[in-house]
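Please read the structure below before turning to the comments.
Number of protein chains: 2
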Amino acid sequence: MTFDMELAAKRSRIDAALTEYVADKYPETLWEAMAYSLLAPGKRLRPLLCLAACEAENGAESDAMPLACALEMIHAYSLIHDDLPALDNDDLRRGRLTSHIVYGEAMAILAGDGLLNMAYETMAAFCCIDGGQTARRAAAMRIVAVSAGAYGMIGGQTVDVLNENRIVDETTLRYIHENKTGRLFRAALCAGAAAAGADAARVARYDALGSAVGFAFQIQDDILDVTSSASTLGKNVGGDSRNHKNTAVSLYGLDAAKVRYDALCGEVRSMALELAGESFLAALLEYTAVRLR
Amino acid sequence: MTFDMELAAKRSRIDAALTEYVADKYPETLWEAMAYSLLAPGKRLRPLLCLAACEAENGAESDAMPLACALEMIHAYSLIHDDLPALDNDDLRRGRLTSHIVYGEAMAILAGDGLLNMAYETMAAFCCIDGGQTARRAAAMRIVAVSAGAYGMIGGQTVDVLNENRIVDETTLRYIHENKTGRLFRAALCAGAAAAGADAARVARYDALGSAVGFAFQIQDDILDVTSSASTLGKNVGGDSRNHKNTAVSLYGLDAAKVRYDALCGEVRSMALELAGESFLAALLEYTAVRLR
Chain A
1 MTFDMELAAK RSRIDAALTE YVADKYPETL WEAMAYSLLA PGKRLRPLLC
51 LAACEAENGA ESDAMPLACA LEMIHAYSLI HDDLPALDND DLRRGRLTSH
101 IVYGEAMAIL AGDGLLNMAY ETMAAFCCID GGQTARRAAA MRIVAVSAGA
151 YGMIGGQTVD VLNENRIVDE TTLRYIHENK TGRLFRAALC AGAAAAGADA
201 ARVARYDALG SAVGFAFQIQ DDILDVTSSA STLGKNVGGD SRNHKNTAVS
251 LYGLDAAKVR YDALCGEVRS MALELAGESF LAALLEYTAV RLR
Chain B
294 MTFDMELAAK RSRIDAALTE YVADKYPETL WEAMAYSLLA PGKRLRPLLC
344 LAACEAENGA ESDAMPLACA LEMIHAYSLI HDDLPALDND DLRRGRLTSH
394 IVYGEAMAIL AGDGLLNMAY ETMAAFCCID GGQTARRAAA MRIVAVSAGA
444 YGMIGGQTVD VLNENRIVDE TTLRYIHENK TGRLFRAALC AGAAAAGADA
494 ARVARYDALG SAVGFAFQIQ DDILDVTSSA STLGKNVGGD SRNHKNTAVS
544 LYGLDAAKVR YDALCGEVRS MALELAGESF LAALLEYTAV RLR
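Set out below in structure tokens:
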């Protein structure tokens, strides 16, 4: 099977699992809003990274699928809340109108809350399945929880919001990148590996790998905001500069950002090969880092 | 020790534990906003119910304290988001200005997200402590997660928001009451009992007890919104009627609501005595139901 076929097959199993979680519930408006964002067309990078790391550690797909879905729920909720008028005030996301434009602000806030909470309902239920894997699943859940919260992703979003319209230094920009985007990539790889039974030393190697690929992804995102078009990206471009956002491009300049990006891609490649050899994981990381070059 | 002394002692241990979770972190504004709401003066009913149920099942306080704190974090986040302009648009809560008035809307949304996520960070870490209690703690966490989400509290908030300015039937009002308020009371009792090792049959009895006390509490709340004053309640009164909210009073009328409330208090009393005899739990439930009569 080629990488593209395997990617499509895994993505479709992820989408099928996600669909199950939000099918036919009461109150309808809430679940509809949750489904609208959760099932929006997307690359499903975080769930794919989670499944790939689990596979690289010889785990079955079922050892990681609920964690993979939980990561996508957390990603989807963070986009809904990020797009709200009080935050980035964006009306286009993944090629569609944002949640608060379609469902109103109140429902967008509640749908975001609902997806965040559902991520933990999903992981808690996964911990409770009999079969002697409760401890390693709880450990994987803990990795996700710490990464998604105020010590991680929410911390990154906060510093990003607080520094809009201000020039930041490299340390601050690095904090934003590492936490707003990088932390969930790292969590995806680490949780997938931990759920397959990887020991702490191996999980730490997945963490370093996730850090590199997350940083590469973010720089790429900043570059694309300058060089790409709305129809390619499925969201408004130039938004970073319009909102006076600090990005790798505004800090380093476009050319230096590209150089840094290329170096990171090389790092990701060699780390992945050392960890798992030629594998779906290695190909997926390559795909993640270079998605639109 | 009298009930009042025991209540004060437990409350102060809960507050000390809550304070630890939000002390001195980066980014400061986020943690300050989280602490502002989490540590606001309050009755700490949900954590108290959780500790009391654990104690009634012969558990140690340390078997339930992280769950108790997580319940207060969830309660605090739900108040922050509920008070937002897009939802109830309230500027006074627990006798102080609401989060978005003090910190702005963006930070209030993120602080709410941060507290919700922190509840799960706390419970996940609790599951991961060695000592053979991972499975029962995961079960307790699952109870909390399901109760707090779209199947529970968030579902109740949604139906409440969707029916503002509309007359609802008794079934709908009951759904709102059971989920918006009752579910966390139930979860508090059930999680405390489960963490102490109670079996499914006993946990189910705590669930019924929580349902009754939650309903009594909500009717009481609706009655007080009509009959009390802002200085006693620490929040604006008459808000329900001003916002055309559906309440037990608007549905049944004030006198019938009082009759129903008295009957529920009797139920709570006899269920608690059957379950745990004369105990801190029984006294706490009495206190919860009749707090301001």
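Line by line, the protein sequences give chains A and B. For what it's worth, our numbering labels the leading residue of the first sequence as 1, then goes sequentially. For what it's worth, our numbering labels the leading residue of the second sequence as 294, then goes sequentially. Ideal Cβ placement from N, Cα and C applies to all residues, glycine included. Computed from a prediction, not measured in an experiment: that's the story for all the values here.
Inter-residue Cα distance where the pair is residue i and residue j
i              : j              : result
R586 (chain B) : E579 (chain B) : Its pLDDT being 44, under 50, R586 (chain B) is placed unreliably by the model, and nothing is read from it.
V259 (chain A) : S279 (chain A) : 27 Å
L360 (chain B) : L110 (chain A) : 23 Å
K43 (chain A)  : A16 (chain A)  : 14 Å
L224 (chain A) : Y175 (chain A) : 20 Å
E299 (chain B) : A569 (chain B) : 17 Å
G388 (chain B) : I167 (chain A) : 38 Å
A193 (chain A) : V561 (chain B) : 47 Å
P41 (chain A)  : A76 (chain A)  : 11 Å
R136 (chain A) : V454 (chain B) : 39 Å
A412 (chain B) : C69 (chain A)  : 20 Å
F296 (chain B) : V496 (chain B) : 24 Å
D265 (chain A) : A208 (chain A) : Note that residue 265 (chain A) is Cys in the sequence shown here, rather than Asp. Their backbone Cα atoms lie some 13 Å apart in a straight line.
T134 (chain A) : C127 (chain A) : 5 Å
A60 (chain A)  : A216 (chain A) : 28 Å
N165 (chain A) : T415 (chain B) : 34 Å
G152 (chain A) : T172 (chain A) : 14 Å
A493 (chain B) : E567 (chain B) : 17 Å
I129 (chain A) : N117 (chain A) : 19 Å
P320 (chain B) : A256 (chain A) : 28 Å
I191 (chain A) : Y206 (chain A) : Residue identity check: residue 191 (chain A) is Ala in the sequence provided, not Ile. Going by the C-alpha atoms only, they are around 9 Å apart.
I14 (chain A)  : M65 (chain A)  : 7 Å
G132 (chain A) : D462 (chain B) : 47 Å
L377 (chain B) : S99 (chain A)  : 17 Å
Y261 (chain A) : A272 (chain A) : 17 Å
S563 (chain B) : A302 (chain B) : 26 Å
D406 (chain B) : I367 (chain B) : 10 Å
V315 (chain B) : M1 (chain A)   : 50 Å
L189 (chain A) : V290 (chain A) : 18 Å
A401 (chain B) : N58 (chain A)  : 43 Å
Beta-carbon gap between residue i and residue j smaller than 8 Å
i              : j              : result
A53 (chain A)  : A431 (chain B) : no
V437 (chain B) : Y329 (chain B) : no
L344 (chain B) : L408 (chain B) : no
A349 (chain B) : L544 (chain B) : no
A196 (chain A) : D63 (chain A)  : yes
G155 (chain A) : G182 (chain A) : no
A399 (chain B) : A86 (chain A)  : yes
V124 (chain A) : M434 (chain B) : Per the sequence presented here, residue 124 (chain A) reads as Ala, with Val not at that position. The answer is yes: Cβ separation under 8 Å.
R186 (chain A) : S228 (chain A) : no
L184 (chain A) : R46 (chain A)  : yes
V519 (chain B) : V542 (chain B) : yes
N539 (chain B) : N472 (chain B) : no
L284 (chain A) : L71 (chain A)  : no
L97 (chain A)  : D91 (chain A)  : yes
R30 (chain A)  : T451 (chain B) : In the sequence as displayed, the identity of residue 30 (chain A) is Leu instead of Arg. Yes.
Bridge partner(s) assigned by DSSP for residue i
i             : result
L92 (chain A) : A:L97
Neighbour flag for residue i against chain C, beta carbons, 8 Å
i              : result
G114 (chain A) : Absent from the structure: chain C. Protein chains present are A and B.
Original post:
When the Cβ atoms of the stretch 363 to 382 of chain B are set against those of the stretch 508 to 524 of chain B, are three or more pairs found closer than 8 Å?
Top reply: no
Original post:
According to a CB-to-CB cut-off of less than 7 Å, which residues of the stretch 140 to 163 of chain A neighbour chain B?
Top reply: M141, R142, A145, V146, A148, G149, A150, I154, G155, Q157, T158, V159, V161, L162
Original post:
Which of the residues in the stretch 100 to 133 of chain A, read from start to end, lie with their CB under 7 Å from any CB of chain B?
Top reply: E105, A106, I109, L110, D113, G114, L116, N117, M118, Y120, E121, A124, A125, C127, C128
Original post:
Given a limit of 8 Å on CB to CB distance, which residues of the stretch 19 to 53 of chain A reach chain B?
Top reply: From the stretch 19 to 53 of chain A, only K25, Y26, P27, T29, L30, W31, M34 have a Cβ closer than 8 Å to chain B.
Original post:
Residues in the stretch 83 to 94 of chain A with C-beta within 9 Å of chain B's C-beta atoms, listed in sequence order?
Top reply: L84, P85, A86, L87
Subject >> Against chain B: residues of the stretch 163 to 190 of chain A by CB proximity under 9 Å >> reply: So the list reads Y175, given in the order they occur along the chain.
Subject >> Chain-ordered residues of the stretch 52 to 80 of chain A with a beta carbon less than 9 Å from chain B >> reply: Contact residues of the stretch 52 to 80 of chain A toward chain B are I74, Y77, S78 (C-beta to C-beta distance below 9 Å).
Original post:
For the stretch 563 to 583 of chain B, which residues have a CB atom closer than 8 Å to at least one CB atom of chain A, in sequence order?
Top reply: Per Cβ criterion, the list is empty.
**OP:** Give, in chain order, every residue of the stretch 479 to 513 of chain B whose Cβ lies closer than 8 Å to some Cβ of chain A.
**Re:** Legend: CB atoms of the stretch 479 to 513 of chain B lying less than 8 Å from CB atoms of chain A are not found in any residue.
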